[in-house]
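Protein chains in written order, with the UniProt record's numbering: chain G, 1 to 161; chain U, 1 to 161; chain Y, 1 to 161; chain S, 1 to 161; chain Z, 1 to 161; chain W, 1 to 161; chain V, 1 to 161; chain L, 1 to 161.
Protein chains: 8
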Amino acid sequence: MSKFRLDEVDLQILDMLIDNTRIPFTDIAKKLLISAGTVHVRVKKMEDQGIIMGSSLSLDYEKLGYSFIAYVGVFLNNTSQTKFVLERINEIPYVTVAHVTTGKFNIFCKIRAKDTKHAKDVIFMVDDIEGVYRTETMISLEESINDKKRLMHTIFRELED
Amino acid sequence: MSKFRLDEVDLQILDMLIDNTRIPFTDIAKKLLISAGTVHVRVKKMEDQGIIMGSSLSLDYEKLGYSFIAYVGVFLNNTSQTKFVLERINEIPYVTVAHVTTGKFNIFCKIRAKDTKHAKDVIFMVDDIEGVYRTETMISLEESINDKKRLMHTIFRELED
Amino acid sequence: MSKFRLDEVDLQILDMLIDNTRIPFTDIAKKLLISAGTVHVRVKKMEDQGIIMGSSLSLDYEKLGYSFIAYVGVFLNNTSQTKFVLERINEIPYVTVAHVTTGKFNIFCKIRAKDTKHAKDVIFMVDDIEGVYRTETMISLEESINDKKRLMHTIFRELED
Amino acid sequence: MSKFRLDEVDLQILDMLIDNTRIPFTDIAKKLLISAGTVHVRVKKMEDQGIIMGSSLSLDYEKLGYSFIAYVGVFLNNTSQTKFVLERINEIPYVTVAHVTTGKFNIFCKIRAKDTKHAKDVIFMVDDIEGVYRTETMISLEESINDKKRLMHTIFRELED
Amino acid sequence: MSKFRLDEVDLQILDMLIDNTRIPFTDIAKKLLISAGTVHVRVKKMEDQGIIMGSSLSLDYEKLGYSFIAYVGVFLNNTSQTKFVLERINEIPYVTVAHVTTGKFNIFCKIRAKDTKHAKDVIFMVDDIEGVYRTETMISLEESINDKKRLMHTIFRELED
Amino acid sequence: MSKFRLDEVDLQILDMLIDNTRIPFTDIAKKLLISAGTVHVRVKKMEDQGIIMGSSLSLDYEKLGYSFIAYVGVFLNNTSQTKFVLERINEIPYVTVAHVTTGKFNIFCKIRAKDTKHAKDVIFMVDDIEGVYRTETMISLEESINDKKRLMHTIFRELED
Amino acid sequence: MSKFRLDEVDLQILDMLIDNTRIPFTDIAKKLLISAGTVHVRVKKMEDQGIIMGSSLSLDYEKLGYSFIAYVGVFLNNTSQTKFVLERINEIPYVTVAHVTTGKFNIFCKIRAKDTKHAKDVIFMVDDIEGVYRTETMISLEESINDKKRLMHTIFRELED
Amino acid sequence: MSKFRLDEVDLQILDMLIDNTRIPFTDIAKKLLISAGTVHVRVKKMEDQGIIMGSSLSLDYEKLGYSFIAYVGVFLNNTSQTKFVLERINEIPYVTVAHVTTGKFNIFCKIRAKDTKHAKDVIFMVDDIEGVYRTETMISLEESINDKKRLMHTIFRELED
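The structure is reproduced here in structure tokens:
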């Protein structure tokens, strides 16, 4: 599937960016004993190839008043409505993740809300989309792990082998 | 719950960082007509308060050979093992998210793997943890939405009101 | 099943007490054109017969910080443990109702908690009781009806017929 | 969430009212070494603030011929009908509690009936409401706990700390 | 509920009829040291009171080519159709028992058929009734107990006490 | 499967016995224009072949105080215990039918009891059998059909063709 | 059910063909000490009787890029559509097996696809058939056994006894 | 995934073998206007590469007395027993297919049996394997499609493109 080759320098750059997306290129260059220009070229190349798609800020949702997380399974009247419903779901900012899934649900979403009352409002927004037949909600009592960095480091170690 | 106050400048800085975590502070300063030093102070303050927890790189997992996503529901023999099992799960890099949940599962995880065969290996790693009684897996056919930015912008608009 | 007879006066007294348990007996007496002593005797008789079991205050739990309601289904390792587990559940004040039920659960409880985090603690208290095999939780998004008065009035109207 | 302050005297008054809603204010006054007028003022204040919402009589339903308790899960055709259906359910006196819930049901009710035949009639009343798609019933074999007093005392002890 | 009284003679007669519905009244009379006329009178009385509703032959269905037994759970579009659907089910002779039930099904039936193919035809007959939404079938691998006599003897022993 | 031949006379005799097991052989003989001896010989033959296994009385359980019917699904710890558990179930007279089944249950029983409380006792008897892991109960709100006669007549009409 | 007789020679021929459908008749003849003509006659007879229905090639699907196997349970709007839907399913070459089943599904299919994305397309093809209400998919992590030869040899050993 | 190249001649040979595994190589040669030796070389090559794994006879199981098909879902005590249990299942010839699966089951099998009684025996064989916790069975009422040829032709058409 991987239709490109990353060399060891690329992987070392990625390893550093994963830990801190805001690290200056000069710092990376110093650590890898290469020029900042090379770092720039390599990062640009990985962005053009679509490997690096961007970066995102990690905020403490609890401190911002959004401590309620739930998973909502969506049943559709008909699978042909999947695309249309996903577009409507995409208009609800409280839905942060959505998958087309196998098993009992057609679509499976993750939502963040302020509290039980707000969660009810968000779930009702999803329920009210045309083509949505029913939803089932599973509530998170605690988000114990939310960390892609371990996976990214593992992937790069595998690519280096 | 929010035990601090963010003013409009804080929120505008956050709004810009959400879209591009690597944006130079001088660019932010220019746009907001404030000094780069002020940007630095404000970001530092929000990091110290724990509102900004860091940033993470967005990679194209498919291009890196990790196109398989699944949700794994975990049943424990006994709820008192929750903490122990979560620590073991945390050692499996292919698990990127884990929640303690209500409903039928004790723990609910998201995994990323290379293909069906690799997914089987990852699921078996979870299954083999002491205290895990059974698991049930739901496979993603397509990750249609994975975007926290819309939520972050919404939260800041609400805080501004 | 009803091994006693309530006459019309009894039922009228009950009807008034249902609406206001603190109504003075003299007020009841005045409305029914009987003596306060008769009211006293009748209420005493119904207490002795066990029809009136007491009275309870209705507080606004939300205002007291207890806005989280959930139903918890309990699976036991063995039905013979039902009595023992109910005694342990009875020691958890956050459980306000518990039933032995048919269907998939052995015991079915209603709990009130402060928030998601507190609910998790309460559910874990139930889960940790010896003999409890697993629990499944259903969260209330809104308590829309909680009113026994309509039923009580209906029962008395039926008894009068 | 609690937008008011209860002092120790308020909590002691509540503690006594919880155990016996009919206790004369003079008795409370004597025990707390305050005037009956003060008791009256405090109770009035808590009623005005909406903390005390009223009181309800506890009757022995079994002795009154209502020994059958069931929980009825309601599936709606569409979530937008929730409010309408709850209004119809509110007209059935045999439904004493109703919640909007997460999980598989849209609405979850508690009913009391005379016997199996009567329960069937009540369930059919719910089933016949426009917008109700299906119901699922779980029958109580025994109501082992139904006691809010323990919770109330616990809440007040917490507020005192 | 039992609105009549059976004396010991009635119960002894029933006990004998349960074991052999074809036993001549003269044999019963001889054993109980009463006249055959008395037996006749008592049986007539119990038939008139509706206690004895008739008798049924026990055939070996396996020997008659009907060895396939299944339980079919029926979901209706709407509970108001229950009576209508039961009338249609009653026209299918292969359905020997049908209940209105709590839980996930609206109606629950027992069917007897010749083999898998015939069972499919019978299930499709039920499925094709107007108002039937879906059915779920559970197949019997062995009918291990089918015996009302033990219950009847137990009931009479209880009535004698 | 049917290893014997029933001629038209046999089937006509069976048809009459199904409607009334107590019909005198002389009445059957008269209607079929054959001798009572022939009827006797034929019935004896069908009893010896095991086609006629006996007869059972139909009582009105409701009038006898047994108005509660439930289906109990039994999960075993291990399928090898099936025979042992069925023998224990056979000692409980309130269980009138039991099947080894496919699907989620190992054994599926029908019970009759006096009321909810008694049903709880019977279910607990089943639950307490060694090797029984859990039970799930579905309660009948109404036994709408319980009639083997239609099936028997259908079988005989088929055999005549 | 078997309305024909296979003698020992037939069974020995079948036993050899099962292991290798391409074995020359002269080889079979030599091993069984009969003429090749006899082998030919016997095989022809078994083909005419419909016992031998043909033969099929066993390919390594994984090597051909079809490593994804899933089971898809199909719910229909109405059972009367079964035949129509099966005809539509039969036009999808990726469905290799389909059954009309008892239990929760109306139709149960086995599909082979290239990968998760292709599987999604195939499942959507099934979902889009008129009359299909919903589908549920269970994914194979490994096809551990796919071997009819053991069964065939067992059947023939039984027929020889 | 496909680590080899099939040319058009290979694919045309496969297309013919799929329809009739017993077709003589000389017939294939004649149709493709190539020598029989070439056919032989090509088939040999595809066997050596493991693309052609063999061939299997298609028998009419119904005519051989094996008309009962069921799918058996197996729950294990622990996933680490998967390999051991599959080896035991492999010793039961009535199991023709077995998968390690996602979802509620650990292993999912297809069985063929003579009738309900025989199916019960086969299911009990699976249930009795050490490490098997429970099984759930879904019975086929009709095998409507069992045809890999359509898929094979489709695969080859795709490879030709």
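Just so you know, even glycine gets a beta-carbon here, dropped at the ideal spot from N, CA and C.
Residue from the options with nearest C-alpha to residue i
i                      : options                              : result
Ile111 of chain W      : W:Phe105, W:Lys104, W:Asp27, W:Ala98 : W:Ala98
Val72 of chain U       : U:Ala113, U:Phe156, U:Asp7           : U:Ala113
Ile69 of chain V       : U:Thr116, U:Arg5, U:Ile52, U:Ile155  : U:Thr116
Arg42 of chain W       : W:Phe25, W:Lys30, W:Lys31, W:Ser56   : W:Phe25
Glu87 of chain Y       : Y:Glu62, Y:Lys104, Y:Cys109          : Y:Cys109
Lys120 of chain U      : U:Thr135, U:Leu76, U:Glu160          : U:Thr135
Arg150 of chain G      : U:Glu91, U:Tyr66, U:Lys44, U:Lys30   : U:Glu91
Lys45 of chain V       : V:Lys30, V:Lys104, V:Thr137, V:Arg5  : V:Arg5
residue 193 of chain L : L:Ala29, L:Ile89, L:Lys30            : Residue 193 of chain L lies beyond the range of chain L shown here (1 to 161); nothing can be said about it.
Short CB-CB distance (under 7 Å) between residue i and chain V
i                 : result
Thr137 of chain Z : yes
Asn90 of chain L  : yes
Ser80 of chain G  : yes
Lys63 of chain L  : yes
Closer than 7 Å to chain Y by CB, residue i
i                : result
Met53 of chain S : yes
Beta-carbon proximity of residue i to residue j, cut-off 7 Å
i                 : j                 : result
Thr102 of chain W : Ile123 of chain Z : no
Asp60 of chain W  : Ile51 of chain Z  : yes
Ile18 of chain L  : Leu64 of chain V  : no
Val74 of chain Y  : Val9 of chain Y   : no
Ser58 of chain V  : Ser56 of chain L  : yes
Val100 of chain W : Leu141 of chain Z : yes
Arg22 of chain W  : Thr82 of chain Z  : no
Min CB distance residue i to chain U below 7 Å
i                 : result
His118 of chain G : no
Glu87 of chain G  : no
CB contact check: residue i to chain Z, cutoff 7 Å
i                 : result
Phe124 of chain S : yes
Arg5 of chain W   : no
Val72 of chain W  : no
Rounded straight-line distance, which links the Cα of residue j to that of residue i
i                 : j                 : result
Asp48 of chain V  : Gly54 of chain V  : 11 Å
Ala36 of chain L  : Ser80 of chain W  : 58 Å
Leu33 of chain W  : Val39 of chain W  : 10 Å
Ile107 of chain U : His118 of chain Z : 45 Å
Met152 of chain S : Leu159 of chain S : 11 Å
Arg157 of chain Y : Thr137 of chain G : 41 Å
Asp27 of chain S  : Phe105 of chain W : 60 Å
Closer than 7 Å to chain W by CB, residue i
i                 : result
Asp127 of chain L : yes
Leu141 of chain S : yes
Within-7 Å CB hit, residue i to chain G
i                 : result
Thr102 of chain S : yes
Asn77 of chain U  : no
Ser56 of chain S  : no
Thr28 of chain U  : First, the amino acid is wrong: residue 28 of chain U is Ile here, not Thr. No, Ile28 of chain U does not count as interfacial toward chain G.
Ser35 of chain U  : no
Heavy atom of the ligand GTP within 6 Å of residue i beta-carbon
i                : result
Tyr71 of chain G : What this structure holds is no ligand at all, so the ligand GTP is not there to describe.
Chain L contact for residue i (CB, 7 Å cutoff)
i                : result
Leu32 of chain V : no
is_contact[residue i, chain S] using C-beta, thresh 7 Å
i                 : result
Leu11 of chain Y  : no
Lys148 of chain Y : yes
Residue i at chain A interface by Cβ criterion, 7 Å
i                : result
His99 of chain L : Chain labels in this structure do not include chain A; the protein chains are G, U, Y, S, Z, W, V and L.
> Are three or more beta carbon pairs between the segment 118–134 of chain U and the segment 9–25 of chain U nearer than 8 Å?
Replying inline: No contact exists between the segment 118–134 of chain U and the segment 9–25 of chain U.
> Are at least three pairs of beta-carbons, each pair with one atom in the segment 132–147 of chain U and one in the segment 84–102 of chain G, less than 8 Å apart?
Replying inline: Touching, yes, given that three or more Cβ pairs across the two stretches are closer than 8 Å.
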